[in-house]
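Undergrad: One structure coming up, written as structure tokens, with questions to follow.
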Amino acid sequence: MSAPRRSNLLTVLMLGVLAYFLLPVVWLVVASTKSNSGLFRSFGLWFDRDFALGDNLRSVFTRDDGVFVRWLVNTFAYAGLSAVGATVLATMAGYAFAKYTFPGGRLLFNIVLGAVMIPTTALAIPTYLLFSNAGLTNTPWAIILPSIVNPFGLYLMTVYAQSAIDDSLLESARIDGAGEFRIFWQVCARILAPGMVTVLLFTLVATWNNYFLPLIMLQDTDKLPLTVGLAQWQSAATRGNGGEALYSSVITGAMVSTLPLIAMFLFLQRYWQSGLADGGVKG
Amino acid sequence: MTTTAEKASAPTWRRRQRIAAYLFVAPFFVFFVLMLLVPLFYAGYLSFFREQLIGGNAFVGLDNYVRALQDERFLRGVLRVTLFLLVQVPVMLGLALLFALVLDSGRLRFASLVRLGIFLPYAIPGVIAALMWGYLYGQDFGPFAQAGRALGLPVPEFLSSGWMLASIGNIVTWSFVGYNMIIMYAALRAIPAEIYEAARMDGAGEFRLAWSIKIPSIRPSLLLTLIFSVIGSFQLFTEPQLLKSISPVVVTGEYTPNLYAFTLAFSRSELNYAAAVSFLLGILIMIVSYVVQLSTQRRERQR
């Protein structure tokens with residue numbers, strides 16, 4: 001079949017659409033080069049005569065004794081541990097649901113599917129109270145433990161394992177005398193990699209971007225992730241206290257904190273896109 | 001001899017596999033029970049009590065629920081997110097589907113650039129999205145207001161009470177169109193190409209192909225994105241909470257039900273009532289998601 005003809009009109013229209021999606025990002029990059037007064041005196045989508053990016057970066061990383069670096073490290077740690085944990089749990093369970101028949105398996109899978117609909121809202125406040133009784137609030141566990149359960153990730157891995165792993169492969173590995181766990185770790189884990197990267201990345205984003213949970217769970221400033229920390233700077237800036245340069249710090253901090261995830265998505269593009277496409281959402 | 005040995009070993013094989021299966025699912029379910037089911041039941045339990053000045057918690061039955069159903073602040077919030085849901089979700093999913101179909105048609109230049117560009121906002125935290133749009137909407141150094149002033153054109157006050165819900169809708173749409181588009185696009189890619197050939201031979205154009213073959217084939221993915229969007233709308237929190245610091249008069253502590261539950265729990269220390277409100281919201285979300293599923297299934301049967 002020949003490739004379809006490219007349409008110039010469609011291309012122009014979609015580049016217009018692209019402009020809408022990139023506008024805030026362009027604004028953020030431009031605004032992070034401006035001093036606080038430059039923000040007010042120059043046009044939002046173009047540079048000011050003062051190029052203050054260096055000053056802004058310095059102020060972001062030194063403000064409040066360099067707490068921004070703490071927030072960055074916290075965010076990496078919370079999101080990384082949650083994502084690895086969620087991926088391991090979802091992969092093992094999804095593989096089992098896809099490749100074994102066992103009493104109660106169907107029922108358990110349906111319970112998880114139904115749980116996709118449980119709103120995190122209904123859970124956040126009771127989870128806070130339970131953690132508070134257990135002395136776990138204001139610790140990293142309060143963010144990591146709830147994020148490790150990802151019902152959608154399990155669903156994704158089940159569908160992925162169903163389509164990616166051939167039963168005959170398991171049979172031949174069994175005939176060769178491999179145990180069930182060895183088959184999983186040494187044969188199947190590699191085949192499941194694109195699905196795992198997808199779950200890893202999407203859990204990572206969910207935890208990295210989470211605001212509600214850390215907002216209620218954490219009290220100490222130096223335990224916060226970027227989202228809550230930046231929101232605190234932002235509300236201090238709009239209240240007008242905290243010094244003159246706060247707006248530009250908030251904006252530059254926001255710019256810096258979006259970079260890691262964007263880099264990760266670009267870097268792992270091939271894997272997560274094939275993880276979604278190779279059956280992940282065939283449903 | 002061999003036959004009896006095989007007979008004896010077959011059940012052992014099966015048993016070994018069963019044990020392995022349970023061991024594989026066990027870690028997930030331990031956390032599932034601890035982090036989902038226990039809090040859920042605890043929320044239900046809490047919602048039946050009321051904190052009293054003297055004597056601690058007292059069992060009050062369904063009182064908290066009766067109170068919530070008569071609470072104008074809660075009901076107005078529910079109405080607000082329902083309105084949001086009815087407008088924003090169709091716009092967002094419609095755009096996502098349109099973009100996914102355009103990308104899948106193969107008629108676009110720079111397709112991978114466009115795809116990643118539209119998806120990019122998903123990687124940006126909701127807090128930062130709200131913060132950026134908050135500045136863009138602003139009357140002081142927002143570029144829309146600046147451009148309007150320079151050209152002598154009126155610019156709507158995006159953060160006024162009349163515009164706030166639409167402004168929040170724009171932020172959510174901007175953030176999640178790409179995510180939904182990618183899920184739909186992945187499903188479109190999974191349709192085997194042979195299916196199209198017969199239709200093309202019959203002279204079906206790209207539109208006919210999209211309407212009669214592509215959209216029906218990705219129905220499960222469309223349903224998935226719809227359910228996730230419904231849940232997301234009812235749980236709206238980050239965007240209004242952030243804009244609240246810029247426009248405290250317009251966005252109050254009860255602007256959305258989720259924000260109300262948060263305010264009740266952490267500003268007014270009404271934990272039991274907050275549990276009832278969030279539990280009620282959870283039930284509402286489950287009912288709506290279930291109705292959405294049922295209605296799409298019925299349509300499927302009618303076809």
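In order, the protein sequences belong to chains A and B.
Just so you know, the UniProt record's numbering puts 218 at position 218 of the first sequence, and the rest follows in order with no gaps.
Just so you know, the UniProt record's numbering puts 302 at position 302 of the second sequence, and the rest follows in order with no gaps.
Cβ coordinates follow ideal geometry from the N, Cα and C atoms, glycine included.
(1) Name the one or two DSSP bridge partners that B/Gln52 has.
(2) What does the Cβ neighbour count give for B/Asp71, buried or exposed, with the cut at 16 atoms within 10 Å?
(3) Would you mind listing the alpha helix (DSSP H) stretches within the stretch 61 to 102 of chain B that are 4+ residues and don't spill past its ends, in chain order?
(4) Nearest to A/Val154 by alpha carbon, out of A/Val12, A/Arg5 and A/Gly114?
(5) Excluding the 5 residues flanking B/Leu165 on each side, which residues of the same chain have their C-beta closer than 8 Å to its C-beta?
(6) Flag A/Gln219 as yes if its beta-carbon sits less than 8 Å from any beta-carbon of chain B, otherwise no.
(7) Our contact map puts A/Ile125 next to B/Ala265 with C-beta atoms below 8 Å; I'd like the distance itself, whole angstroms only.
(8) Spatial neighbours of A/Phe51 within its chain, please: CB distance less than 7 Å, with the 5 preceding and 5 following residues excluded, ordered by chain position.
(9) What residues in its chain sit with their C-beta under 8 Å from that of A/Gly105, if we drop five residues either side in the sequence?
(10) Under 8 Å between the Cβ atoms of B/Ser175 and B/Tyr137?
(11) Do B/Met184 and B/Leu226 have their CB atoms nearer than 8 Å?
(12) Which residues bound the alpha helix (DSSP H) around B/Val155?
(13) Using a beta-carbon distance cut-off of less than 8 Å, what residues from the stretch 161 to 182 of chain B approach chain A?
(14) Quick check: the Cα distance between A/Arg63 and A/Ser37, rounded to an integer number of angstroms?
(15) Looking at C-alpha atoms only, which residue of A/Ser35, A/Gly54 and A/Arg58 is the closest neighbour of A/Asp48?
(16) Going by CA-CA distance only, name the one from B/Leu236, B/Gly203, B/Tyr179 and B/Lys244 that's closest to A/Met239.
(17) If contacts are defined as beta-carbon pairs under 8 Å, then A/Ala83 and A/Leu204 qualify, I think. What distance do you get, rounded to the angstrom?
(18) Work out the CA separation of A/Ala231 and A/Leu200 for me, nearest whole Å.
(19) Looking only at its chain, what residues have a beta carbon closer than 7 Å to the beta carbon of A/Asp222, apart from the 5 residues adjacent to it on each side?
(20) Shorter than 8 Å from the beta carbon of B/Trp211 to some beta carbon of chain A?
(21) So the alpha helix (DSSP H) B/Glu206 belongs to, where does it begin and stop?
(22) For B/Pro125, name the three-state secondary structure that DSSP assigns.
(23) What does the Cβ neighbour count give for A/Gln273, buried or exposed, with the cut at 16 atoms within 10 Å?
(24) For A/Ser257, return the contacting residues in chain B, with the cut-off set at a CB-CB distance below 8 Å.
(25) Can we say the stretch 254 to 261 of chain B touches the stretch 149 to 158 of chain B, given the rule of at least three CB pairs closer than 8 Å?
(26) Output the distance between the C-alpha atoms of A/Thr198 and A/Arg41, rounded to the nearest integer angstrom.
(27) What does the alpha-carbon distance come out to for the pair A/Pro119 and B/Ile231?
(28) DSSP on A/Phe181, reduced to helix/strand/coil?
(29) Using a Cβ cut-off of 8 Å, pull out every chain A residue sitting near B/Val114, in sequence order please.
(30) Going by C-alpha to C-alpha distance, which of A/Ala277, A/Gln269, A/Leu276 and A/Gly275 sits closest to B/Ser112?
(31) Grouping DSSP H, G and I as helix and E and B as strand, with all else coil, what is B/Pro192?
(32) Kindly indicate which residue of A/Leu28, A/Leu13 and A/Leu224 has the alpha-carbon position closest to the one of A/Val250.
(33) Report yes if the C-beta distance between B/Val114 and A/Leu10 is below 8 Å; otherwise report no.
(34) Do we get a CB-CB distance below 8 Å when we pair A/Arg5 with the residues of chain B?
(35) Which one of A/Val17, A/Gly54, A/Arg182 and A/Asn74 has the shortest CA to CA distance from A/Gly229?
(36) Can you check whether the CB of A/Ser147 is closer than 8 Å to the CB of A/Ala206?
TA: This is what the structure holds:
(1) According to DSSP, B/Gln52 bridges with B/Gly56.
(2) Around the beta carbon of B/Asp71, a 10 Å sphere encloses 16 or more other beta carbons of the protein chains shown; the residue is thus reported as buried.
(3) DSSP runs (the alpha helix (DSSP H)) wholly in the stretch 61 to 102 of chain B: 63 to 70.
(4) Note that residue 154 of chain A is Leu in the sequence shown, not Val. Selected option, being the one with the closest Cα: A/Gly114.
(5) The beta carbon of B/Leu165 sits closer than 8 Å to the beta carbons of Arg80, Leu83 and Phe84 from its chain, once the five residues preceding and following it are set aside; these are given in chain order.
(6) Chain B contact via Cβ: absent.
(7) Under the criterion of beta carbons closer than 8 Å, A/Ile125 and B/Ala265 qualify as touching, at roughly 5 Å.
(8) These residues qualify, in order along the chain: Thr33.
(9) Spatial neighbours of A/Gly105 in its own chain (CB-CB distance under 8 Å, excluding positions within 5 residues in sequence) are listed in chain order as Ala96 and Phe97.
(10) Not a contact, by the Cβ cut-off of 8 Å.
(11) Taking the C-beta atoms as reference points, B/Leu226 is found no nearer than 8 Å to B/Met184.
(12) Note, B/Val155: premise wrong, no alpha helix (DSSP H); not H, not E.
(13) So the close ones are Trp174, Val177, Gly178 and Ile182.
(14) Going from the Cα of A/Arg63 to the Cα of A/Ser37 covers about 18 Å.
(15) When only C-alpha atoms are compared, the closest one is A/Ser35.
(16) Note that residue 239 of chain A corresponds to Arg in the displayed sequence, not to Met. Closest option to A/Arg239, Cα to Cα, is B/Lys244.
(17) The pair is a contact, with the Cβ atoms about 4 Å apart (cut-off 8 Å).
(18) C-alpha separation (whole angstroms): 26 Å.
(19) Excluding positions up to five away in sequence, the list reads Val67 and Arg70.
(20) Chain A, which has no Cβ nearer than 8 Å to the Cβ of B/Trp211, makes this no.
(21) Segment Glu206 to Leu209, the alpha helix (DSSP H) holding B/Glu206.
(22) Three-state DSSP puts B/Pro125 in coil, outside helix and strand.
(23) Buried, by the Cβ-count rule.
(24) Those are Pro125 and Ile128, listed as they occur along chain B.
(25) Between the stretch 254 to 261 of chain B and the stretch 149 to 158 of chain B there are fewer than three inter-stretch CB-CB distances shorter than 8 Å, so the stretches are not counted as touching.
(26) In this structure, the CA atom of A/Thr198 is about 44 Å from the CA atom of A/Arg41.
(27) One C-alpha to the other measures close to 7 Å.
(28) Here A/Phe181 carries a helix assignment [DSSP, helix/strand/coil].
(29) Within chain A, the residues Met14, Leu15, Val17 and Leu18 have their CB atoms less than 8 Å from the CB of B/Val114, given in chain order.
(30) Measuring from the Cα of B/Ser112, the nearest candidate turns out to be A/Gln269.
(31) If DSSP states are grouped into helix, strand and coil, B/Pro192 belongs with coil.
(32) A/Val250 has its Cα closest to that of A/Leu28, out of A/Leu28, A/Leu13 and A/Leu224.
(33) With contacts defined by Cβ atoms closer than 8 Å, B/Val114 and A/Leu10 do not form a contacting pair.
(34) With 8 Å as the cut-off, A/Arg5 counts as an interface residue toward chain B.
(35) Shortest Cα-Cα distance from A/Gly229 to any of A/Val17, A/Gly54, A/Arg182 and A/Asn74 involves A/Asn74.
(36) It is a contact, given that the beta carbons lie within the stated cut-off.
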